[in-house]
Each structure stands twice: as structure tokens, then as C-alpha cells.
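Taking it in order: structure first as C-alpha cells, then the write-up.
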Amino acid sequence: METDSLFSRTELMLGPETMRRLAATRVALFGTGGVGSWCAEALVRTGVGRLMLVDSDRVAPSNVNRQLMATTQTIGEPKVDVLAERLRAINPRVELDVRRAVYEEATAASFRLEEFDYVIDAIDSLAEKAALIRHALSIPSVTLFASMGAALKMDPALVRTGRFGKVEGDGLARALRTKFRKTGGLPARDFLCVWSPERRENRGAPAAEAPAAPGERDWNARKARINGTVAHMTALFGLTLASLVVRDVENKCTANDHETKKN
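Residue numbers (our numbering): 298 to 560.
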């Protein structure tokens with residue numbers, strides 16, 4: 298199949314130069330769950346050519362309600378492997394670096410974030426999220442986009458993008474600020490994130506989660522609380538993260554065109 302034709306409708310809208318820039322864009326995506334999986338697919342379907350996927354988890358039954366690659370047929374499989382197979386089926390040319398790994402301070406250097414144009418944080422564990430954000434913001438050439446809490450959200454009209462420093466009413470952002478203050482202070486640079494001020498409470502009792510496989514980290518055991526989720530909201534957070542990358546690439550391309558015309 299001629300893969301160039303796969304993106305003809307996108308090129309019709311964005312133009313050939315932006316498509317060339319997207320094909321050369323390098324994105325590191327941390328977390329391929331309810332937010333990150335949708336973000337990854339949108340990036341690949343839009344023509345982003347280089348993507349690192351980082352997640353240590355396997356697909357669990359409780360993931361099926363919201364995670365793109367989670368089905369009754371993929372339960373027990375590594376999330377990044379199942380997602381990578383799907384992404385390669387969409388675009389066989391996409392360059393994927395698939396990491397079944399945990400981001401933490403001890404492993405940070407192995408991800409070589411300085412080689413990427415964008416880092417996307419779709420992690421929901423607080424310590425790892427804070428460490429990734431601080432690391433990414435320490436690299437001047439990297440643009441960071443992050444997801445705040447997509448759980449306990451129902452209304453798509455309330456989803457917003459904005460600077461982390463301006464986020465209000467988001468529990469994960471509040472916990473993240475506290476974590477930053479306890480571990481060296483707020484990052485020197487602000488960053489764009491996706492968030493919602495909506496506040497809801499769980500209306501049901503949490504079901505028992507399947508235990509982690511021997512030798513693997515039990516992320517559910519590390520959570521202070523497990524909150525409810527719905528697919529349309531986690532997907533919207535992920536799709537909005539993808540849009541931040543695509544729009545930034547287009548804006549930079551347009552700015553370069555204007556500068557060239559001036560000269």
C-alpha cells in the first residue's frame with residue numbers, strides 16, 4: 298500500500314510542509330492507559346513519524362472500559378506491545394521505540410529525553426509524574442505537555458488546556474503542586490496541560506483488582522484511591538494532548554514560512 302495516501306486528507310488541511318515536519322517529529326509518550334493510548338493513536342493517524350511508548354503495565358480487565366488497546370482478547374498482554382501492534386497496522390512506516398519500563402529518577406537517563414521534540418506525560422502515579430515533568434522541563438529543547446486528572450470527569454465541555462500554574466479545581470494538579478514543594482519546589486518553567494475543573498464523587502464501590510504478576514510492580518496497591526472513569530473523557534484528554542503537539546508543529550511551520558517570506 299502507498300502509505301503517503303493514508304494522510305492525504307490531513308495534508309489537504311495542513312499542507313505538505315507541516316506533514317513533512319510531523320513525519321520528522323519525535324515524541325516520547327509516558328503512560329499508555331486511558332489517556333495515553335488515545336493520544337498515541339491520534340498522533341500516528343495524523344502523521345507523526347517517531348514515537349517512544351513507555352509503560353510497564355499489562356492489560357487488565359478493569360482497563361477495558363477506557364483504554365484503546367484493551368479488549369477481552371488482550372487481557373494479560375503488555376500494554377505497549379499491543380498498542381504498538383495496532384499503531385504499526387495504521388502506519389507501517391512509523392518508527393516506534395517500545396519500552397516496557399517504569400519512568401523514575403533511577404531510570405531517567407535511559408530514556409534520553411534530550412533527543413525528543415515533545416514529551417507527553419500521561420502518567421497517573423504521583424512520584425513518577427513529578428519526576429518526569431521536572432526532568433523534561435530541565436531540557437530547553439523539549440516541549441512538555443501533561444495530562445491532569447481524567448478520572449471522575451463526565452462533561453466534555455469542561456475540558457480545558459492551559460498553563461499548569463493557572464489550573465484550578467483539579468485534584469491531581471493540587472497533589473502534584475504539593476509533591477513539587479516537598480521535593481525542591483515548583484519547576485522553573487511552566488507548561489501546558491489538559492485538565493477539567495469538574496468535581497464528582499464515586500457512586501459505586503470499587504471492585505477487586507487483579508493482582509500484579511510475580512516480579513511486577515503493583516500500581517493499584519500504590520494508589521491512595523481508585524476512582525471511576527469513562528471512555529469519552531479519558532479519550533478526550535488524550536486526543537487533546539495530541540492536538541497540542543500537532544498545533545504546535547503547525548504553528549512553528551507557519552512562523553518559519555512567514556520569516557522566510559520576510560527575508
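Note that the Cβ used here is the ideal one computed from N, Cα and C, for glycine as well.
So, are the CB atoms of residue i and residue j less than 8 Å apart?
i    : j    : result
V542 : L350 : no
A419 : C550 : no
M366 : L380 : yes
N499 : N524 : yes
T369 : V361 : yes
V491 : T531 : no
L393 : E338 : no
A562 : K476 : Here the chain covers residues 298 to 560 and nothing more, so residue 562 does not appear.
R497 : M451 : yes
V464 : M445 : yes
R544 : S493 : no
G328 : V391 : no
V573 : R318 : The structure shown has nothing for residue 573, since the chain only spans 298 to 560.
L441 : L449 : no
L455 : E495 : yes
Please return the same chain residues whose Cβ sits closer than 6 Å to the Cβ of residue i, not counting the five positions on each side in sequence.
i    : result
Q364 : G330, G331, S334
E425 : Y400, E401
E382 : none
Return the CA-CA distance between residue i and residue j, expressed in angstroms with no decimal places.
i    : j    : result
N553 : E314 : 11 Å
F461 : G373 : 35 Å
F413 : P437 : 11 Å
A406 : R478 : 23 Å
M298 : P389 : Confidence at M298 is low in this model, with a pLDDT of 44, below 50, so the placement of that residue is unreliable and no value is reported for it.
D352 : E308 : 31 Å
D467 : G501 : 21 Å
S302 : H529 : 29 Å
A357 : G535 : 19 Å
T371 : A320 : 29 Å
Once the 5 residues before and after residue i are set aside, which same chain residues still bring their CB inside 7 Å of it?
i    : result
W516 : Annotation note: pLDDT 49 at W516 (below 50); position unreliable, coordinate value reported separately. Here the set comprises D354, S422.
F304 : M316, G344
L311 : E547
Considering only the alpha carbon of each residue, which of the options lies closest to residue i?
i    : options                : result
I430 : P437, T404, V395, P484 : P484
G459 : L449, L489, R544, V416 : L489
A443 : S540, R409, A502       : S540
V395 : P375, E411, A386, E401 : P375
I387 : R342, A454, L469, A433 : R342
V439 : A398, D487, D467, A357 : D487
V527 : A502, P453, G468       : P453
T326 : R474, T371, P358, R397 : First, the residue type needs correcting, since residue 326 is Leu and not Thr in the sequence shown. For the residues R474, T371, P358, R397, the minimum Cα distance to L326 belongs to R397.
H432 : P503, G466, G481, D467 : G481
P503 : A320, V324, S359       : S359
R323 : R474, G535, E411       : E411
Counting only the same chain and skipping the five closest in sequence on each side, list residues whose C-beta sits under 8 Å from that of residue i.
i    : result
A472 : L423
A470 : M445, G446, F461, V464, C490, W492
R474 : L483
Using 8 Å as the limit for Cβ to Cβ distance, is residue i near chain B?
i    : result
S353 : In summary, chain B is missing from the structure at hand, where a single protein chain is found.
Just to confirm, does residue i get its C-beta within under 7 Å of one of the non-hydrogen atoms of the ligand GTP?
i    : result
V456 : Within the structure as shown, the ligand GTP is missing, as the structure has no ligands at all.
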